[in-house]
Amino acid sequence: MLSFAIAAATVMFGIAIALNLYRLARGPSRADRILALDTLAINSIALVMLRGIATESAVYFDAALVIAMMGFVGTAALCKFILSGDVIE
Amino acid sequence: MTVLRKIVPYPLLSLLILALWLALNNSIGPGQMLLGAVVAVLVTRLTAQFWTDRPKLVRPLLAIRLFLVVIIDILVANWKVAYRVVGPLDRLRADFVDIPLDIRDPFVATILGGIVSLTPGTVSVDIDRDRWTLKVHGLDIDDRDEMVRRIKARYEAPLREILSC
Amino acid sequence: MVEFGISLLVLLGAAFALLGSVGLARLPDIFTRLHGPTKATTLGVGALVTASMLHSLSSGGGLSLRELGITLFLFITAPVSAHMIAKAAAKSDK
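Protein chains in written order, with numbering that gives the first Met the number 0: chain B, 0 to 88; chain G, 0 to 164; chain P, 0 to 93.
Rendered as structure tokens:
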């Protein structure tokens with residue numbers, strides 16, 4: 000039953016990521032694209048964790064943590080760039 | 000007590016870092032305890048410049064209560080947002096609302112902004128530190144005054160009590 | 000029984016994440032779009048992390064608290080990034 004749930008969840012996250020990519024391509028504003036990238040990062044964390052549950056392995060956890068941190072730092076840097084036209088003042 | 004205070008100037012923050020260190024290493028062995036304690040003390044000391052006028056935690060029990068209230072509200076928020084997202088979009092009454100704050104501390108105002116962002120139908124957009132208002136965007140607003148009252152009574156009042164500001 | 004609970008949590012998490020992304024794709028403007036990802040997607044990952052913890056507990060891996068680190072991190076950063084994106088959107092409107 001768990002393997003069925005994991006398969007179904009993988010499909011759902013796949014659709015979610017496709018929707019994020021649609022918003023990323025469509026825009027229209029730069030803030031929309033940043034939001035799409037941020038959501039994409041969170042959805043990929045979920046996909047990686049899902050793999051971790053399916054394979055009963057703990058190594059996926061670290062990958063998920065790295066994506067989480069990089070996603071946040073990337074979002075912050077992009078927003079900063081829009082707000083001040085500069086990442087490092 | 001004062002000697003201990005000198006060695007560990009930020010006990011709560013240090014404790015939090017130690018707990019996080021142990022959780023991330025997934026062990027509570029004596030070695031990790033020692034390493035985590037050293038990291039916790041060093042990190043708080045090295046970042047002390049950023050913590051100049053932090054507010055004091057005076058009501059820890061009320062803090063736990065607020066934490067639980069926020070968790071429950073997050074769960075409720077998701078049902079509501081999910082319902083709005085799949086429903087008809089032209090019936091959404093999305094708008095900005097300015098909430099006048101009683102808080103005068105940027106750090107506490109930021110916490111309030113974070114709580115507002117995570118709970119029912121609202122995202123904080125801007126904290127105006129000149130007029131002390133919190134600009135909030137609501138997804139579907141029935142009654143502006145009611146919403147402002149709710150946020151002030153449910154989150155702001157306990158936060159002010161907990162951190163005495 | 001435990002497996003049923005884990006499956007339910009996995010599906011619930013996926014459903015919330017999907018709803019957040021549907022909101023991102025479907026809602027009319029940037030400020031309404033902010034609502035989906037900050038709440039639903041974050042909670043979706045939260046549910047998944049809980050499922051992962053339960054799973055490692057029930058399959059004999061012992062209680063693993065490291066997953067809580069991710070949840071904590073996401074719940075702290077989600078409002079912050081939402082706030083920054085909202086500020087960026089408010090600026091680029093002008």
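Every residue gets a Cβ at the ideal spot worked out from N, C-alpha and C, and that includes glycine.
Exercise for review: Determine, using beta carbons only, whether TRP20 of chain G and ALA39 of chain G come nearer to each other than 8 Å.
Suggested key: yes
Check your understanding: Would you say GLY59 of chain P faces chain G, with C-beta separation under 8 Å as the test?
Key -> no
Review point. Looking at chain P, which residues of the region 37-55 of chain B have a Cβ within less than 8 Å of any of its Cβ atoms?
Key: ASP37, THR38, ILE41, ASN42, ILE44, ALA45, MET48, LEU49, GLY51, ILE52 and GLU55
Review point. Which residues, in order along the region 53-85 of chain B, keep a beta-carbon less than 7 Å from a beta-carbon of chain P?
Key: GLU55, PHE60, ALA63, LEU64, ALA67, PHE71, THR74, ALA75, CYS78, ILE81 and LEU82
Check your understanding: Relative to chain P, which residues along the region 95-126 of chain G have a C-beta separation below 9 Å, given in chain order?
Key -> PHE95, THR109, GLY112, GLY113, ILE114, VAL115, SER116, LEU117, THR118, PRO119, GLY120, THR121, VAL122, SER123, VAL124, ASP125 and ILE126
Point to revise | Sequence-distant residues of its chain with Cβ nearer than 7 Å to ASP94 of chain G (five each side left out) | key: GLY137 and ILE140
Exercise for review: Would you check if there are 3 or more beta carbon pairs closer than 8 Å linking the region 16-24 of chain P to the region 151-163 of chain G?
Suggested key: no
Practice item. Grab me the residues of LEU33 of chain P's own chain with a C-beta within less than 7 Å of its C-beta, minus the 5 sequence neighbours each way, in chain order. Key: ALA81, ILE84 and ALA85
Practice item. Report yes if the CB atom of LEU34 of chain B is closer than 8 Å to the CB atom of PRO27 of chain P, and no otherwise. Key: no
Point to revise | Own chain residues within Cβ distance below 6 Å of VAL1 of chain P, not counting five before or after | key: SER57
Review point. When you compare only the Cα positions, how much space is there between LEU39 of chain B and LEU64 of chain B?
Key: 14 Å
**Study point:** Cross-chain neighbours of PRO36 of chain P in chain B, by beta carbon under 8 Å
**Key:** LEU34, ASP37, THR38 and ILE41
Practice item. Output yes if chain B places a C-beta closer than 8 Å to the C-beta of THR76 of chain P; else output no. Key: yes
Exercise for review: Please list the segments of the alpha helix (DSSP H) lying wholly inside the region 8-72 of chain P, counting only runs of 4 or more residues, in order along the chain.
Suggested key: 29-34 and 41-57
Point to revise | DSSP beta-bridge partners of ASP97 of chain G | key: G:LYS134
Check your understanding: With C-beta atoms as the reference, is LEU11 of chain G less than 8 Å away from LEU45 of chain G?
Key -> no
**Study point:** Own chain residues within Cβ distance below 6 Å of ALA77 of chain P, not counting five before or after
**Key:** THR37 and THR41
**Study point:** Beta carbon proximity, ALA24 of chain B to chain P, threshold 8 Å
**Key:** no
**Study point:** chain G contact residues for HIS82 of chain P, given Cβ-Cβ distances below 9 Å
**Key:** THR109, GLY112, GLY113, SER116, VAL122, SER123, VAL124, ASP125 and ILE126
Point to revise | Near-chain P residues of the region 59-81 of chain G (beta-carbon distance less than 8 Å), N- to C-terminal order | key: ILE73, LEU74, ALA76, ASN77, VAL80 and ALA81
**Study point:** Check whether MET48 of chain B and TYR59 of chain B have beta carbons under 8 Å apart
**Key:** yes
Practice item. Can you grab the Cα-Cα spacing for the pair LEU62 of chain P / ASN25 of chain G, in whole Å? Key: 8 Å
Practice item. Please state whether DSSP places VAL7 of chain G in a helix, a strand or coil. Key: coil
Check your understanding: What's the C-alpha gap between GLU160 of chain G and GLY59 of chain P?
Key -> 44 Å
Review point. Which one of G:GLY112, G:ARG58, G:PRO29 and G:THR43 has the shortest CA to CA distance from LEU14 of chain G?
Key: G:THR43
Check your understanding: What's the gap between the Cα of LEU77 of chain B and the Cα of ALA87 of chain P?
Key -> 9 Å
**Study point:** Contact set between ALA93 of chain G and chain P, taken where Cβ atoms lie within less than 9 Å
**Key:** LEU26, PRO27, ASP28, PHE30, THR31 and HIS34
Review point. Mind pulling the chain B residues with CB within less than 8 Å of LEU73 of chain P?
Key: ILE41, ILE44 and ALA67
Check your understanding: In this structure, does DSSP put ASP31 of chain B in helix, strand or coil?
Key -> helix
Review point. How is the alpha helix (DSSP H) around VAL124 of chain G delimited, first residue to last?
Key: From DSSP, VAL124 of chain G is part of no alpha helix (DSSP H) but of the beta strand (DSSP E) over 121-127.
Check your understanding: With DSSP run on the structure shown, which of helix, strand or coil describes VAL107 of chain G?
Key -> helix
Point to revise | Span separating the alpha-carbon of ILE69 of chain P from that of VAL48 of chain P | key: 8 Å
Practice item. Taking 8 Å as the cut-off, decide whether the C-beta atoms of ALA30 of chain B and LEU10 of chain P are in contact. Key: no
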